[in-house]
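Below you'll find the structure, written out as structure tokens, and then a few comments.
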Amino acid sequence: MKVLCLLPLIFLVPCNCTRGRDWANHGAPMFSDLSVRELKAVHSYLHNIPELGLTSARNPSLKKNSILLMELHLPRKHEALRALDRGQARPLRQARVVVQYGNQTKPNITEYIVGPLPSPSSHHVKTFKGKRPIRFDSRPITKVEYGHIEKILVKIGTKAHKLLGELTGGFSYTNCSDRCLTFSDIAPRGLEPGERRSWIMLQKFVEGYFIHPIGFEVLINHQDLDPEKWTVEKVWFNSMYFDSVEELVESYEQGVLDMPPKLPNQDDIYSTYIPRGHSNTPTDIHGPKLVEPQGHRYLLDKNFVEYAGWSFSYRVRSSAGLQVFDLRFNGERIAYEISLQEAIAFYAGDTPAAMQTKYIDAGWAMGASSFELAPGVDCPEIATFIDLYHFFDTDKPVRHKNALCIFEMTTGMPLRRHFNSNFSGGYNFYAGLENTVLVLRTTSTVYNYDYIWDFLFYQNGVVEVRVSATGYIHATFFTPNGLNYGTKVFHYVLGNLHTHLIHFKVDLDVAGRENSFETIDLKYVNFTNPWSPKHFVVQSKLQRNEHKTEKSAAFRFGKKFPRYMHFYNPNEKNKWGHHKGYRIQFNSHAHTVLPRGWREENGISWARYPLAVTRHKDSESSSSSIYTQNDPWEPAVSFEDYIRDNEDIVKQDLVAWVTVGFLHIPHSEDIPNTATPGNAVGFFLRPFNFFDEDPSLSSRSTLIVRPGRDGAPMVQRWTPASVVHCVTDKPFVYNGTYVEV
């Protein structure tokens with residue numbers, strides 16, 4: 022076995038980057054995330070401008086000017102395409118910088134475009150479409166602000182120390198050693214623009230504390246930039262509301278407070294991953310593992326990837342997450358951009374925290390919430406692991422070790438196969454092709470929930486975009502009325518119903534930029550049978566509908582949704598005379614979360630449509646923003662505006678905006694937390710007459726078996742007949758830290 026394990030080393034040669042296409046390697050750096058050097062250079066440049074008055078993000082004052090976020094500012098599409106398609110010089114790299122101006126008469130949020138990189142020398146203000154202002158109250162919450170919230174919670178915990186101790190069996194917010202309380206905060210932070218009021222839910226600080234609510238919730242007004250002026254506006258305890266902590270404590274001390282049963286403390290293990298119950302699987306041997314007998318079959322050069330005819334560039338935007346650019350198959354562009362835009366989870370419940378919970382995850386820096394991936398669990402041991410660097414609410418770039426992985430895997434399902442029977446106990450031939458796929462993966466752990474983001478590239482020109490949800494459910498304290506809004510999953514814990522919706526941007530360039538869009542469905546036709554006139558034929562017929570305007574191509578939830586969404590180039594045809602095209606195929610159970618125009622729904626107007634098609638505009642680069650979470654009522658980015666102008670979409674540069682998702686009614690099997698099976702949604706990009714035949718015919722992994730004259734099988738194959746099998750002799754390593762660099 023040791024000899025076998027050494028064999029793959031012969032084939033593991035360093036990446037030969039000259040194999041990469043000249044056009045791809047030329048363009049990939051345009052889309053790469055800001056490097057540590059660039060991040061530090063931009064930080065230094067802005068801090069050296071006296072009139073900006075910038076200070077450290079760790080300055081404990083909220084009345085300060087500081088950098089909140091830095092990430093790549095993408096070049097305009099036409100400038101990027103000049104470099105990609107004509108070999109012209111790449112546009113200069115620039116950074117997008119979000120600055121919080123708290124130390125001003127009128128505090129505000131200002132975004133800058135800073136460049137050129139890596140040695141910036143100029144900056145200008147970036148505005149949103151319609152020049153919408155960014156309310157200061159809509160800014161994401163920071164570690165400094167959390168620190169001040171923690172201080173007010175300490176005061177609350179001190180006042181209610183005796184009550185909390187009796188309720189929880191000795192847990193407290195101060196001087197608590199191993200029996201501490203913690204909190205989760207709820208957003209949006211108020212009920213209308215300009216507010217900054219957060220419901221805070223106290224929980225036992227044990228592993229999986231998200232499902233350990235204690236039934237104590239407080240509403241804190243933290244709008245003022247002086248934390249000494251923050252106030253507690255409401256307290257919720259055992260289905261009762263109080264105007265202050267003092268009022269609650271007074272009722273408790275007078276013995277008139279209706280106390281719930283004491284919380285059991287011997288069953289805290291229910292939220293941990295520690296195995297329990299009888300196992301029917303042998304534990305002294307490992308399960309199946311992925312193996313690359315001769316090493317990687319993909320090329321990775323910084324942020325550029327090539328595999329089985331595919332090529333693309335990628336980045337992980339700190340605000341919103343994973344993006345793929347310049348996606349090509351055999352050198353022909355399929356899409357200019359496929360990118361994650363937003364993820365929301367809207368809840369319902371009986372407690373104030375539950376009924377207020379409408380999470381809009383870009384507001385929590387969903388992209389920067391990408392943490393270390395575990396070999397053999399999050400990604401196979403054979404994967405290539407890549408560090409990511411983010412600059413959000415920090416003074417230095419933060420290295421997120423092994424936060425992205427790339428690997429090739431077999432699906433365990435043939436890409437295609439056929440057994441051709443001779444109907445006499447034998448066969449004429451068998452043929453099959455194994456289904457291998459390249460996976461680009463990262464995760465976002467936005468507090469309780471974990472999202473696993475996958476881009477999968479198949480040998481037959483298909484791309485799958487998928488998100489799998491796991492992590493802990495968002496749980497509140499059980500009340501009898503709560504059963505209208507979820508499921509009891511432990512003695513005093515309610516798993517609250519919620520809907521996940523995920524939004525993607527798909528900038529398709531199918532055989533060029535001049536694309537059109539049609540939907541294809543079926544309708545019944547009834548006609549006289551030509552070979553038996555006294556009978557009729559009823560059958561299905563193709564019904565094509567070309568959509569000429571943006572409003573026509575905006576499909577509302579609750580309306581009939583066509584089965585084929587077809588993007589094609591009217592000027593390009595395949596060998597058989599069909600327009601070269603790709604179609605979007607959904608794997609989703611999404612639906613609306615609020616009535617159209619109802620308050621918070623204005624911030625997620627993209628969630629009205631499973632699919633909307635618009636003309637590409639650089640000013641419509643994203644469907645959401647980091648400010649929507651705390652101001653969904655009058656959002657800085659309004660997706661509905663992209664459709665409202667109702668532009669022509671025939672033979673235009675088109676963008677498809679895709680919404681997928683599912684309803685989650687928690688159940689007892691969500692304990693300890695949610696598993697991925699059945700909780701994955703997404704969409705496919707599938708060629709539709711783009712090629713003359715299935716492009717996976719080029720794969721040499723095909724296997725054909727024919728019977729010989731003597732009856733013995735004759736095997737025809739183009740890969741080695743035997744497979745070297747060895748995984749790795751390296752022990753499992755996991756660090757889990759992310760640090761400034």
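Per our numbering, the sequence shown runs over residues 22 to 762. Every residue, glycine too, gets a C-beta built ideally from N, C-alpha and C.
task = Let me know the beta strand (DSSP E) ranges lying completely inside the region 521–608, each 3 residues or longer, listed in chain order.
result = The region 521–608 is shown to contain whole beta strand (DSSP E) runs of 3 or more residues at 537–549, 557–568, 585–594 and 600–608, in chain order.
Selected residue, minimal CA-CA separation from E267, among S260, N756 and T252 = The option with the nearest alpha carbon to E267 is T252.
task = Can you grab the Cα-Cα spacing for the pair V118 / K147, in whole Å?
result = V118 and K147: Cα-Cα distance of roughly 9 Å.
Boundaries of the beta strand (DSSP E) in which L684 is found, first to last residue = From DSSP, the beta strand (DSSP E) with L684 extends over L675 to H685.
query = What runs of the beta strand (DSSP E), each 3 residues or longer, lie entirely inside the region 370–439?
reply = For the region 370–439, whole beta strand (DSSP E) runs of length 3 or above, ordered along the chain, are 379–381 and 405–413.
key: Sufficient close CB pairs (3 or more, under 8 Å) joining the region 689–696 to the region 508–515   = Yes, they touch.
task = Look up Y506 in the DSSP assignment and give the residues it is bridged to.
result = Per DSSP, none; premise fails for Y506.
message = So, under 8 Å CB-CB, Y603 and I355 are touching, yes? Tell me the CB distance rounded to an integer number of Å.
response = The Cβ separation is near 6 Å, so the contact holds.
key: When S640, H637 and P616 are compared against Y630, the one with the closest alpha-carbon   = Residue P616 is the option with its Cα nearest to Y630.
task = Flag this pair as yes or no: are the beta carbons of D408 and A49 separated by less than 9 Å?
result = A distance of 9 Å or more separates the beta carbons of D408 and A49.
request  = Under 6 Å Cβ to Cβ from G533, same chain only, skipping five residues before and after it: list those, please.
outcome  = Here the set comprises N590.
query = Is H610 near the ligand GDP, going by C-beta to nearest heavy atom under 8 Å?
reply = Ligands displayed in this structure: none; no statement on the ligand GDP is therefore possible.
request  = State the Cα-Cα distance for the pair S743 and K751, rounded to the nearest angstrom.
outcome  = Put simply, the backbone Cα of S743 is about 24 Å away from that of K751.
key: Length-filtered (4 minimum) alpha helix (DSSP H) runs lying within the region 77–156   = Taking only runs of at least 4 residues, the alpha helix (DSSP H) segments lying wholly in the region 77–156 are 98–107.
key: Beta-carbon spacing of L461, F478 below 9 Å   = The answer is yes: Cβ separation under 9 Å.
query = Using 8 Å as the Cβ pair cut-off and three pairs as the minimum, do the region 609–623 and the region 534–549 touch?
reply = At 8 Å Cβ cutoff, the stretches do not touch.
ask   = In terms of residue numbering, what span does the alpha helix (DSSP H) encompassing V270 cover?
value = Taken as a continuous stretch (DSSP letters only), the alpha helix (DSSP H) holding V270 covers V266 to E274.
Pair within 9 Å by beta-carbon distance, A116 and L93 = In this structure, L93 lies closer than 9 Å to A116 by Cβ.
task = Measure how close the beta-carbons of L361 and V270 come, nearest whole angstrom, since I'm counting them as under 8 Å.
result = 46 Å between Cβ atoms; not a contact.
request  = Run through the region 212–254 for me and flag every whole beta strand (DSSP E) of 3 or more residues, listed as ranges in chain order.
outcome  = Taking 3 residues as the shortest admissible run, the region 212–254 contains the following complete beta strand (DSSP E) segments, listed from N- to C-terminal end: 218–225 and 234–242.
ask   = Who are Q344's beta bridge partners in DSSP?
value = Q344 is bridged by DSSP to R336 and S360.
ask   = Bridge partners of Y472, per DSSP?
value = According to the DSSP secondary-structure assignment, Y472 is paired through a beta bridge with S465 and A490.
ask   = Is the distance from the Cβ of E655 to the Cβ of R97 below 9 Å?
value = Against a cut-off of 9 Å, the Cβ pair of R97 and E655 comes out as no contact.
message = Considering only their Cβ atoms, is the gap separating G342 from T466 smaller than 9 Å?
response = The criterion of a C-beta distance shorter than 9 Å is not satisfied by T466 and G342.
Integer-rounded CB distance, given that D289 should sit under 8 Å from N259 = The C-beta distance from N259 to D289 rounds to 21 Å, too long to meet the 8 Å contact threshold.
key: N-terminal and C-terminal residue of the alpha helix (DSSP H) that I664 is part of   = Where I664 is concerned, the enclosing alpha helix (DSSP H) stretches over E661 to R665.
ask   = Which parts of the region 614–672 are runs of the beta strand (DSSP E), unbroken and 3 residues or longer, counting only runs that do not cross its ends?
value = DSSP runs (the beta strand (DSSP E)) wholly in the region 614–672: 632–636.
task = Return the CA-CA distance between V726 and H439, expressed in angstroms with no decimal places.
result = Cα-Cα distance, rounded: 11 Å.
request  = Can you say whether I235 is buried or exposed, counting buried as having 16 or more other CB atoms within 10 angstroms of its CB?
outcome  = The residue in question, I235, is buried, as its Cβ has 16 or more Cβ neighbours within 10 Å.
query = Quick one: Cα of S626 to Cα of A366, how far?
reply = The alpha-carbon atoms of S626 and A366 are separated by roughly 14 Å.
query = Could you give the distance in angstroms between the alpha-carbon of F582 and the alpha-carbon of L632?
reply = Cα to Cα, the separation comes out at about 9 Å.
message = Check this for me: beta carbons of V239 and L284, under 9 Å apart or not?
response = Going by C-beta atoms, V239 is not nearer than 9 Å to L284.
request  = May I ask which residues mark the beginning and end of the beta strand (DSSP E) holding S514?
outcome  = One detail in the question is off: residue 514 reads as Val in this sequence, not Ser. From DSSP, the beta strand (DSSP E) with V514 extends over V514 to N517.
ask   = What separation, rounded to the nearest whole angstrom, lies between the Cα atoms of L321 and F525?
value = It is roughly 25 Å from the alpha-carbon of L321 to the alpha-carbon of F525.
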